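Asks: Taken in order, the sequence shown gives residues 1151 to 1699; the numbers are from this note's numbering. Virtual Cβ for every residue (Gly too), placed ideally from N, Cα, C. Here the structure is a predicted model, which means the values were calculated and not measured.
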Amino acid sequence: MDANNVSVAIIGAGLSGLCAAIRLKEDVGITQFTIYEASEDVGGTWLHNQYPGCGCDVESHLYSFSFHPKPDWTCEYANQPEIRSYISSVTDSYNLRPHIRFRTRVVSLNWNPVSAHWRLKLSISDPTSHKISLVDTTASIVISAMGPLNVPAIPKNLDPKQFEGPIMHTAQWDTNVDLTGKKVAVVGNAASGAQVVGDIVEKVGQLVVFQRTPNWIVPRSNFKYPAWMMWVFRNVPLVQRIWRTLLFLRREVIFYNAFKPTNLLARLAAKQYRSLMKQSIPPHLRDTLIPNYAFGCKRVLVSSSYLPALTNPKTTLVTTSISHLTPKGLQLTDTTHIDADVVVLATGFDVQHLWRDTTITGTDNETLAEKWTRAKDSYKGLAIHGFPNFYTLLGPYSGLAHSSVISIVECQVNYIVQLVARQIATNTPALNVTRQAETDHVAFCEKGLEGSAWKTGGCKSWYIDSATGSPAALWPHTVSWFWWSTRKVDWTHHEPVMTAPRDTKFVHRSLTSLLALLVALTAAHSRSPALAKRVQEFVARLSNILLGR
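1) Is the beta carbon of cysteine 1447 less than 8 Å from the beta carbon of glycine 1338?
2) Rounded to whole angstroms, what's the CA-CA distance from alanine 1419 to leucine 1212? Just pull it up for me.
3) Counting beta carbon pairs with one atom in the stretch 1596-1607 and one in the stretch 1616-1626, are three or more of them shorter than 8 Å?
4) So for glutamine 1322, helix, strand or coil by DSSP?
5) Do threonine 1466 and alanine 1459 have their C-beta atoms within less than 8 Å of each other?
6) For proline 1364, I'd like the list of residues in its chain whose CB is within less than 7 Å of its CB, leaving aside the five on either flank, ordered along the chain.
7) I need the straight-line Cα distance from lysine 1333 to aspartate 1191, nearest angstrom please.
8) Which residues does DSSP list as the beta-bridge partners of glutamate 1645?
9) Would you grab the beta carbon distance between arginine 1351 and asparagine 1462 for me? Rounded to a whole angstrom, and I think it's under 8 Å.
10) Measure the beta-carbon distance from alanine 1289 to serine 1157 and round it to whole angstroms, keeping in mind my assumption that it falls under 8 Å.
11) Going along the chain, which unbroken runs of the alpha helix (DSSP H) with 4 or more residues stay wholly within the stretch 1190-1260?
12) Quick check on the burial criterion: 16 or more other C-beta atoms within 10 angstroms. Buried or exposed for threonine 1497?
13) Measure from the alpha carbon of threonine 1509 to the alpha carbon of each residue in Ile1233, Leu1270 and Asp1491, then state which is nearest.
14) In chain order, what residues of the same chain have a beta carbon less than 7 Å from the beta carbon of glycine 1194, not counting five sequence neighbours either side?
15) Under three-state DSSP, which class holds tyrosine 1613?
16) Quick check on methionine 1427: buried or exposed, where buried means 16 or more other Cβ atoms within 10 Å of its Cβ?
17) Hey, would you say histidine 1535 sits closer than 8 Å to valine 1468, going by beta carbons?
18) If you draw a straight line from the alpha carbon of proline 1477 to that of tryptophan 1612, how long is it in whole angstroms?
19) Spatial neighbours of valine 1592 within its chain, please: C-beta separation below 6 Å, excluding the five flanking residues on both sides.
20) Quick one: what's got a C-beta closer than 6 Å to tyrosine 1201's C-beta in the same chain, skipping five residues either side?
21) As a quick exercise: from Val1629, Val1240, Asp1242 and Ser1454, pick the residue whose alpha carbon is nearest that of asparagine 1372.
22) Give me the DSSP bridge partner(s) of alanine 1289.
23) In three-state terms, what does DSSP make of glycine 1179?
24) Below 8 Å between beta carbons: does that hold for threonine 1224 and lysine 1353?
25) Check the Cβ-Cβ distances between lysine 1530 and every residue of chain D, and say whether any is below 8 Å.
26) According to DSSP, is valine 1492 part of a helix, a strand, or is it coil?
27) Pull the bridge partners of lysine 1478 from the DSSP assignment, please.
28) Measure the alpha-carbon distance for alanine 1408 versus serine 1243 and round it to whole angstroms.
29) Evaluate alanine 1228 with the Cβ neighbour count: other Cβ atoms within 10 Å of its Cβ, from every protein chain shown; 16 or more gives buried, anything less gives exposed.
30) Can you name, in chain order, every residue of its own chain whose Cβ lies under 6 Å from the Cβ of serine 1210, other than the five neighbours on each side?
31) Just tell me which of Arg1253, Phe1383, Leu1569 and Ala1416 has its CA closest to the CA of threonine 1278.
32) Name the two residues that bound the continuous beta strand (DSSP E) containing lysine 1333.
33) Going by CA-CA distance only, name the one from Ala1344, Leu1414 and Phe1540 that's closest to isoleucine 1367.
34) Could you have a look at leucine 1397 and say whether DSSP puts it in helix, strand or coil?
35) Restricting to Cα atoms, I'd like to know which of Ala1341, His1552, Cys1561 and Val1208 is closest to isoleucine 1406.
36) Kindly indicate the opening and closing residues of the alpha helix (DSSP H) around isoleucine 1160.
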């Protein structure tokens, strides 16, 4: 197994996929890698989410690669255009665009035990004709960087076809829709809903916000970096490194501990933020807008514009459940009808069915979806037993509620790079995480989640795995702990996968017959080069199947 001959397929051209490509290229010397991206450009979630007010709730200098810092972030919390620009600059800095296949979706992955390769079925959309073509290819190693937040969740009772006006999910924002002076209904009040509401309230004529559960909200200062600080960061890199470290440590020490309800710091944080929310909310709305569950049980919102928007005279807050959409608006369960010109669905993402649009079949002929129907088990969020040479980024038990997921991605990629380098050095065709290692890791994470706000906080959140009732989306400890656990590979947790023997007699007979067929047909149609070429392609494809390629 040589670095120049190892083929790697990376699914997704967001920050995670780009990180994997860069480290494989820079650290291992792998040049045969392809990034398959369903969209027309890089960016992942930062390409898809273009709604008004879209931005990051983690500090800019922390929400970026440690190996590719950006000294000129304009403000404390970057907005979507600036983050997308950063991603584009990273892509170009490492010359990754030649390796990216845009408008290409991976439909299925099938493990071939004979060749120890993955067979990929690709759906390619032509940018001009928009026709879809299906293509088969193979890869030695597959890295899924699709992320958990890529499939919009549309409630079943909110059929967009029932509403005659513009209706859009925040992850599918139509920039051609003008909200000026319109009556806009925003369904959902989590991160995207809060950002949209805070941004459009002054533009719209009327705003109706539908809230199911109140959220904890902490103020967002978002100061702008002055030119002199940018100059210092650019010319004295150590200063920027120290700044990033301070931001990191603040989240590691303060924010992490704030999510342990029995912790003194958690009680102080809840008391402080409850007091701050009371100061921003009129008395008659406090019971409606201040949560009665533990601080951190759901993702904490970082906003200084959402609560003022809710108290704006233009805004109506509705807590009654929605029955269904009508041509003119929304019908509530108490028979009230709310008229609307535009409906915005800030209803989050389907995290219960990760990567549902890609069928992934492993060694036991079981799909990943079938395995995760029982429980979303994984090893460090990066490997899954029964799926050799298949790695994931931000898989189960590796998400964060208190810090930057970019840090987790870098740790996972570092671990994967070590695995791949060892495979090349030892000429090992395939590695599979052991069942025991996966089981032990899940048990370790579950023990860590005990007593946390995410598990015992008394709320419903997208962190929770519907199959087990546990917040399997999250890593229960600090980023520092995760870094320590992934800095070196524990080789007892990984085992080589034996390739299945070929039925050589059958293969040879079949290839001989195919060769005879090719010669006969080519001779018969020598006056039709196009037909002869198609016959050759058909025989080559069939040969690959027989040889297990």
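Replies: Taking the coordinates as given:
1) Counting from one through the sequence shown, the residue named residue 1447 turns up at place 297. Counting from one through the sequence shown, the residue named residue 1338 turns up at place 188. No; because the gap between Cβ atoms is not below 8 Å, this pair is not in contact.
2) Position 269 of the sequence shown, counted from the first residue, corresponds to residue 1419. Position 62 of the sequence shown, counted from the first residue, corresponds to residue 1212. Whole-angstrom Cα-Cα distance: 22 Å.
3) Verdict: yes, contact present.
4) Numbered from its first residue, the sequence shown carries residue 1322 at position 172. Of the three classes helix, strand and coil, the one that applies to glutamine 1322 here is helix, per DSSP.
5) As a working note, residue 1466 is residue 316 in the sequence shown. As a working note, residue 1459 is residue 309 in the sequence shown. Alanine 1459 sits away from threonine 1466, with the two beta carbons spaced by 8 Å or more.
6) For the purposes of this step, residue 1364 is taken as the residue at position 214 of the sequence shown. The beta carbon of proline 1364 sits closer than 7 Å to those of Thr1438, Leu1439, Ile1440 and Pro1441, all from its chain and outside the five residues before and after it, given in chain order.
7) Indexing the sequence shown from 1 puts residue 1333 at position 183. Indexing the sequence shown from 1 puts residue 1191 at position 41. Going by the C-alpha atoms only, they are around 33 Å apart.
8) Locating residue 1645 in the sequence shown gives position 495, counting from the first residue. Note: glutamate 1645 sits in a beta bridge opposite Asn1582.
9) Here residue 1351 refers to the residue found at position 201 of the sequence shown. Here residue 1462 refers to the residue found at position 312 of the sequence shown. The sequence given here places valine at residue 1351; arginine does not occur at that position. Confirmed, about 5 Å.
10) Along the sequence shown, one-based indexing puts residue 1289 at 139. Along the sequence shown, one-based indexing puts residue 1157 at 7. With a Cβ gap of about 5 Å, alanine 1289 and serine 1157 count as contacting.
11) Entirely contained in the stretch 1190-1260, the alpha helix (DSSP H) runs reaching 4 residues are, in chain order, 1195-1198 and 1230-1243.
12) Start at 1 with the first residue of the sequence shown, and residue 1497 comes out as number 347. Residue environment for threonine 1497: buried (at least 16 other C-beta atoms within 10 angstroms of its C-beta).
13) Start at 1 with the first residue of the sequence shown, and residue 1509 comes out as number 359. Nearest to threonine 1509 by C-alpha distance, out of Ile1233, Leu1270 and Asp1491, is Leu1270.
14) As a position in the sequence shown, residue 1194 is number 44, starting the count at 1. Hits under 7 Å: Gly1162, Ala1163, Gly1164, Leu1165 and Gly1297.
15) Position 463 of the sequence shown, counted from the first residue, corresponds to residue 1613. DSSP places tyrosine 1613 in coil when its eight states are reduced to three.
16) Locating residue 1427 in the sequence shown gives position 277, where the first residue counts as 1. Buried, because 16 or more other Cβ atoms sit within 10 Å of the Cβ of methionine 1427.
17) The residue labelled residue 1535 in the question sits at position 385 within the sequence shown. The residue labelled residue 1468 in the question sits at position 318 within the sequence shown. Not in contact: histidine 1535 and valine 1468 (Cβ atoms no closer than 8 Å).
18) Counted from its first residue, the sequence shown places residue 1477 at position 327. Counted from its first residue, the sequence shown places residue 1612 at position 462. Near 30 Å, if we compare the C-alpha coordinates of tryptophan 1612 and proline 1477.
19) Stepping through the sequence shown from its first residue, residue 1592 is reached at position 442. Closer than 6 Å at Cβ, skipping near neighbours: Asp1527.
20) The residue labelled residue 1201 in the question sits at position 51 within the sequence shown. Once the five neighbours on either side are set aside, the close Cβ partners of tyrosine 1201 are Thr1320, Trp1323 and Val1346.
21) Here residue 1372 refers to the residue found at position 222 of the sequence shown. Closest option to asparagine 1372, Cα to Cα, is Ser1454.
22) Within the sequence shown, residue 1289 is the residue found at index 139, counting from 1. BP columns for alanine 1289 point to Trp1268.
23) Numbered from its first residue, the sequence shown carries residue 1179 at position 29. DSSP places glycine 1179 in coil when its eight states are reduced to three.
24) Taking the first residue of the sequence shown as 1, we reach residue 1224 at position 74. Taking the first residue of the sequence shown as 1, we reach residue 1353 at position 203. A distance of 8 Å or more separates the beta carbons of threonine 1224 and lysine 1353.
25) Protein chain content of the structure displayed is limited to a single chain, and chain D is not contained in it.
26) Taking the sequence shown and counting its residues from 1, the one referred to as residue 1492 is at position 342. Secondary structure of valine 1492 (DSSP, three-state): strand.
27) Along the sequence shown, read from residue 1 onward, the residue named residue 1478 stands at position 328. Lysine 1478 is not bridged by DSSP to any residue.
28) The residue labelled residue 1408 in the question sits at position 258 within the sequence shown. The residue labelled residue 1243 in the question sits at position 93 within the sequence shown. The C-alpha of serine 1243 is placed about 38 Å away from the C-alpha of alanine 1408.
29) The residue given as residue 1228 occupies position 78 in the sequence shown. Here alanine 1228 is buried. Its C-beta has 16 or more other C-beta atoms within 10 Å.
30) The residue you call residue 1210 lines up with position 60 of the sequence shown. Trp1223 and Ala1228.
31) Sequence index remark: in the sequence shown, residue 1278 carries index 128 (1-based). Comparing Cα-Cα distances from threonine 1278 to each of Arg1253, Phe1383, Leu1569 and Ala1416, the minimum goes to Arg1253.
32) Taking the sequence shown and counting its residues from 1, the one referred to as residue 1333 is at position 183. For lysine 1333, the enclosing beta strand (DSSP E) stretches over residues 1333-1337.
33) Reading the sequence shown from its first residue, position 217 is the one you call residue 1367. The shortest C-alpha separation from isoleucine 1367 is found at Ala1344.
34) For the purposes of this step, residue 1397 is taken as residue 247 along the sequence shown, with counting starting at 1. DSSP, read as helix, strand or coil, puts leucine 1397 in helix.
35) Residue mapping note: residue 1406 aligns to position 256 of the sequence shown, counting from 1. Inspection of the sequence shows that residue 1406 is occupied by tyrosine rather than by isoleucine. Checking every option, the nearest Cα to that of tyrosine 1406 belongs to His1552.
36) Within the sequence shown, residue 1160 is the residue found at index 10, counting from 1. Per DSSP, isoleucine 1160 is not a residue of any alpha helix (DSSP H); the beta strand (DSSP E) it occupies stretches across 1158-1161.
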